[in-house]
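Enquirer:
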Amino acid sequence: MQQSKAMQTRVKNFQLLTIEDPAREKYGAAKDSHPKEFQQVLRSLEIEGVDIDLSRPMMAYSPAKGRSGRFILDENASISALRHEYKHFLDDKAAGYPGLKH
Numbered sequence: 017m018q019q020s021k022a023m024q025t026r027v028k029n030f031q032l033l034t035i036e037d038p039a040r041e042k043y044g045a046a047k048d049s050h051p052k053e054f055q056q057v058l059r060s061l062e063i064e065g066v067d068i069d070l071s072r073p074m075m076a077y078s079p080a081k082g083r084s085g086r087f088i089l090d091e092n093a094s095i096s097a098l099r100h101e102y103k104h105f106l107d108d109k110a111a112g113y114p115g116l117k118h
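Under the working numbering, the first residue of the sequence shown is numbered 17, with each subsequent residue one higher.
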């Protein structure tokens with residue numbers, strides 16, 4: 017069965033979206049390319065009581081209701097990925113930690 021051009025485009029786009037951290041290839045790991053900022057973000061998260069999970073090769077911020085959430089950190093993440101997930105934490109904090117429903 018032949019795929020339509022629209023389907024081929026969706027497949028190509030999906031394949032591009034499977035790259036976890038495309039900036040890492042260009043800029044490298046944040047801990048190497050921006051070591052001071054990397055450490056500042058980690059210190060800030062620790063001070064705020066965020067649970068920092070270094071056990072998985074992915075990046076995410078998972079909010080919790082009424083308190084800071086969990087920051088899943090790939091130690092080799094690019095600076096853009098680190099900033100992106102840190103922004104989620106900052107937004108959650110500014111909103112008063114409303115939880116996932118927010």
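Here a beta-carbon is modelled for each residue, glycine too, at the ideal position from N, C-alpha and C.
For Y113, write down the residues that DSSP places opposite it in a beta bridge.
Expert: According to DSSP, Y113 bridges with nothing at all.
Enquirer: Closer than 6 Å by C-beta to D37: which residues in its own chain qualify, once you throw out the five before and the five after it? Chain order, please.
Expert: Here the set comprises A93, S94 and A97.
Enquirer: Is L61 buried or exposed, if buried means 16 or more other CB atoms sit within 10 Å of its CB?
Expert: By the neighbour-count rule (16 or more Cβ atoms within 10 Å), L61 is buried.
Enquirer: How far does the beta strand (DSSP E) with P79 in it extend, from its first residue to its last?
Expert: It spans A76 to A80 - the beta strand (DSSP E) in which P79 sits, taken as one unbroken run.
Enquirer: What does a CB cutoff of less than 8 Å around Y43 pick up in its chain, not counting 5 residues either side in sequence?
Expert: Excluding positions up to five away in sequence, the list reads S49, S94, I95 and S96.
Enquirer: Please look up how many angstroms separate the CB atoms of E64 and S84, rounded, as I've assumed it's under 8 Å.
Expert: Rounded, the Cβ-Cβ distance is 5 Å, consistent with contact.
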